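Numbering (this note's numbering), first residue to last: 8 to 200. Down below is the structure, laid out as structure tokens.
Below you can see the structure in the form of structure tokens.
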């Protein structure tokens with residue numbers, strides 16, 4: 008049985024390995040054990056080192072993306088912004104004429120304060136030239152793309168200008184009763200007098 012085992016490729020590494028053979032009873036093993044001499048097989052083969060080098064993982068700082076100059080592929084690289092939000096950001100940027108502060112991203116449809124908090128450290132706003140519209144010469148079609156103004160407000164701005172003359176500054180916009188201070192503050196970076 009032992010010769011058959013070794014002929015078929017079986018190996019014994021130590022004398023105790025004989026106990027693993029089903030054909031050798033524990034009693035026969037006790038009788039054979041004093042006569043069994045197996046050379047230490049591990050000395051013939053060097054011990055393999057399967058250890059792996061632990062590589063140091065260096066966390067890269069997030070890449071800062073300028074939301075005024077980025078294309079959809081660059082916006083898609085921002086963690087928390089997928090393809091859908093990238094396209095919405097681009098469309099909103101186009102309507103605005105550029106972002107003048109990061110917080111305006113929360114005005115993009117579906118981009119709430121939770122998502123904004125997740126991405127705000129990955130973005131920047133370059134001081135590019137915003138698309139400025141002269142409020143004293145603007146017509147309805149010039150202003151209708153601005154997301155901060157309703158059609159009623161645009162008509163009121165134009166009618167007030169026709170009746171009272173040109174605006175000299177943001178203070179004059181307060182005289183248009185349909186405009187509140189919040190709307191005036193939002194449109195001021197995008198208009199000239």
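Glycine residues also receive a C-beta, built at the ideal position from the N, C-alpha and C atoms. All of these numbers come straight from a predicted model, not from anything done at the bench.
Taking 8 Å as the cut-off, the beta carbon of residue 121 is found no closer than this to the beta carbon of residue 99. Its chain contains 25, 26 as the residues whose beta carbon lies nearer than 8 Å to that of residue 36, once the 5 sequence neighbours on both sides are disregarded; these appear in chain order. Closest option to residue 126, judged by alpha-carbon separation, among 18, 74, 163: 74. Taking the Cα of residue 132 as reference, the smallest distance to any Cα among 72, 45, 38 is reached at 72.
In the DSSP annotation of this structure, the continuous segment of the alpha helix (DSSP H) that includes residue 171 starts and ends at 158-171.
The Cβ-Cβ distance between residue 137 and residue 104 falls below 8 Å.
When Cβ pairs closer than 8 Å are counted between the two stretches, the stretch 144-160 is seen to touch the stretch 181-191, the count reaching three or more. If you check the CB distance, residue 140 and residue 64 do not come in under 8 Å. Cβ neighbours of residue 183 within its own chain (closer than 7 Å, five residues either side excluded): 163, 164, 167. Exposed is the label assigned to residue 8, since fewer than 16 other Cβ atoms lie within 10 Å of its Cβ. Of the other Cβ atoms in all chains shown, 16 or more fall within 10 Å of the Cβ of residue 106; this residue is therefore buried. The closest CA to that of residue 29, considering only 12, 20, 38, is found on 12. Per DSSP, reduced to three states, the secondary structure at residue 130 is strand.
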